[in-house]
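The structure under discussion appears below in the form of structure tokens.
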Ligand code: PMP
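Residue numbers (UniProt numbering): 3 to 400.
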């Protein structure tokens with residue numbers, strides 16, 4: 003039966019982790035990861051999460067099946083966070099939101115639904131994008147192409163080329179956009195550029211799919227969500243996937259959501275019924291724990307305030323690490339303009355280092371990043387910063 007099964011390619015980032023684990027260098031640093039570590043190099047357990055779990059443990063509940071679309075209070079909390087408390091679109095019941103298995107699950111439910119809705123559509127993702135975007139939409143049956151994004155020469159976004167690609171795309175094309183904290187580059191569009199993207203999506207009849215995996219990691223919860231308001235303002239139907247993996251440090255709980263903005267309440271009810279079919283035929287209904295934690299935190303004022311503070315703490319620490327990295331590289335004699343490092347948003351930095359330089363970082367210094375030059379700034383801390391900066395400076399000097 004399995005004689006003809008070919009070996010699938012290894013996940014490049016997991017492969018990097020294996021290489022890191024096998025490295026005996028005591029000073030090794032893993033910047034290849036996609037997770038936030040605190041200044042002690044540890045994965046945080048947020049105090050608001052621990053408090054919500056303590057509350058839940060004090061009044062344990064039996065574990066029945068959840069509704070197919072998840073915990074009602076959770077879905078409502080997601081909607082308030084993404085679209086704004088008391089948003090007009092919510093009062094008009096124009097958003098279908100379902101609990102999902104992380105942001106990935108939200109993307110997958112959306113992709114499967116879109117494939118049924120518009121099987122001939124193409125999907126455009128940014129060049130480059132989070133690796134799984136291509137795989138996920140390809141496996142849902144779509145042809146996936148890219149729109150230009152990263153501009154290596156100018157250390158930023160090739161916005162004219164991006165806009166030209168969107169303007170040339172046929173009606174119905176699904177465009178996957180990173181709502182904030184672009185992974186892997188760290189470069190985000192300005193509000194004025196977003197306005198032009200919204201205009202192109204609207205004029206060309208494209209389908210926007212906003213992947214919001216890092217709300218609160220860039221500038222703030224509302225600031226990072228502002229792009230959603232721009233799409234709402236244009237009266238568009240669109241998709242938003244949400245992930246709480248990073249913002250609640252709940253990676254392993256798989257807490258996310260998919261929201262679909264529709265034109266009318268009647269359409270929304272029909273869309274929701276179709277999303278439920280997708281879920282029902284994949285995993286029937288979602289798990290309880292993580293979503294209950296998030297719902298409890300978001301709907302309990304004291305815990306909510308604590309979360310916002312802890313999230314701000316992660317965001318500020320990342321920014322401090324960006325600034326400190328630049329300072330250390332300068333001190334190590336790097337004279338080129340490094341302002342791009344502090345212009346970038348979120349956990350990642352496209353460092354501009356070549357694959358060869360990234361390999362040297364690994365083999366000579368035990369500093370692990372992705373060959374594309376992506377490093378996780380959220381894995382830097384006050385202990386590893388100086389050696390990492392010294393290593394980067396060394397490979398830059400050749
Ligand atoms: N989208 C992007 C852009 C991501 O970076 C990630 C996680 N690395 C996800 C989606 C998936 O998030 P989750 O782990 O919640 O599935």
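All C-beta atoms, glycine included, are put in the ideal place defined by N, C-alpha and C.
As computed with DSSP, residue 147 is found in a beta bridge with 126. Taking residue 330 as the centre and dropping the five residues before and after it, the same chain places the C-beta of 387, 388 and 391 closer than 7 Å to its C-beta, in chain order.
In the DSSP assignment, residue 101 is bridged to 259.
Nearest Cα to residue 327 within the set 317, 316 and 340: 340.
One Cα belongs to residue 49, the other to residue 308, and the distance between them is close to 8 Å. Exclusion of residue 205 from the 7 Å shell around ligand 1 follows from its C-beta lying no nearer than that to any non-hydrogen atom of the ligand. Following the DSSP letters along the chain, one finds residue 244 inside the beta strand (DSSP E) bounded by residues 240-245. Within 7 Å of the C-beta of residue 373 there is not a single heavy atom belonging to ligand 1. DSSP lists 244 as the bridge partner or partners of residue 214. Residue 165 sits in a helix when the DSSP states are folded into three classes. Beyond the five residues adjoining it in sequence on each side, residue 54 comes within less than 7 Å, by CB distance, of 295, 298, 299 and 305 in the same chain, given in chain order.
In this structure, the beta-carbon distance from residue 219 to residue 317 falls below 8 Å. Exclusion of the five residues before and after residue 19 leaves no residue of its chain whose Cβ lies closer than 6 Å to its Cβ.
When secondary structure is reduced to three states using DSSP, residue 273 falls in the helix class.
By the neighbour-count criterion, in which a residue is buried when 16 or more other Cβ atoms sit within 10 angstroms of its Cβ, residue 186 is buried. Contact annotation, residue 216 with residue 264: C-beta distance approximately 25 Å; criterion of less than 8 Å not satisfied. The continuous alpha helix (DSSP H) containing residue 295 extends over residues 291-301. With distances taken between CA atoms, residue 35 lies nearest to 369 out of 369, 172, 122 and 195.
Around the beta carbon of residue 214, a 10 Å sphere encloses 16 or more other beta carbons of the protein chains shown; the residue is thus reported as buried.
Proximity of the region 241-256 to the region 105-124 meets the contact definition, three or more beta-carbon pairs being nearer than 8 Å.
Residue 377 sits close to residue 351, with the two beta carbons spaced by under 8 Å. Distance from the CA atom of residue 3 to the CA atom of residue 236, rounded to whole angstroms, is 53 Å. Per the coordinates, the alpha-carbon of residue 126 lies some 11 Å from the alpha-carbon of residue 151. Taking 8 Å as the cut-off, the Cβ atoms of residue 98 and residue 261 count as close. Among the bridge pairs identified by DSSP, residue 158 is matched with 153. The beta carbons of residue 168 and residue 206 sit about 7 Å from each other, so the pair counts as a contact at 8 Å.
In the DSSP assignment, residue 135 falls within the unbroken alpha helix (DSSP H) covering 133-141. In the DSSP assignment, residue 340 falls outside any alpha helix (DSSP H), carrying neither H nor E. Taken through DSSP and simplified to helix, strand or coil, residue 70 comes out as coil. The continuous stretches of alpha helix (DSSP H) do not include residue 351, which lies in the beta strand (DSSP E) extending over residues 350-352.
Bridge partners of residue 376 according to DSSP: 352. Here residue 267 has 94, 95 and 96 as same chain residues with Cβ atoms under 7 Å from its own Cβ, once five neighbours each way along the sequence are excluded. With 16 or more neighbouring CB atoms inside 10 Å of its own CB, residue 288 falls in the buried class.
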